[in-house]
Amino acid sequence: MAKDWTKTKAYRELKAGLADNLAARELVEPVYRDMLNRYLELWCECQQLGEDIRERGVVVMDEKRGMLVENRSCTIRHQTSQKMLDIYNALGFRELSTRAPAPETDDDEL
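So in the numbering used here, spot 19 of the sequence shown is number 30, and the numbers just go up one at a time.
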């Protein structure tokens, strides 16, 4: 039985953080909540695919052909990650990260 990722602390923290960020930017319309929920569904799917890859490996035995083949979870996980990135960008999070100030360094003390 697959783990219910919606019940994990990581899921709750991710959801709260993203929702707080959207609310702070006054993006509270239903379309933004829907996009957030779609992102979180994909996040759960990506976690399940990762579990499968960890359990069965990157290659698996194809019973019909009797040979090792790529675990389809690898391809699907990549596609899922791309969809997540598309939603992330559509919600404006990438734009925010590129505008973030660079971290300060202690190079001046040398």
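Don't be surprised by glycine CBs; every beta carbon is placed ideally from N, CA and C.
Bridge partners - GLU81, DSSP secondary structure assignment: VAL70
Boundaries of the alpha helix (DSSP H) in which GLY28 is found, first to last residue: Note, GLY28: alpha helix (DSSP H), 20-35.
Segment contact flag, the stretch 17-28 with the stretch 69-81, C-beta cutoff 8 Å, min 3 pairs: no
Burial state of MET46, where buried means 16 or more other Cβ atoms lie within 10 Å: buried
THR17 classed as buried or exposed, judged by whether at least 16 other C-beta atoms fall within 10 angstroms: Classification for THR17: exposed.
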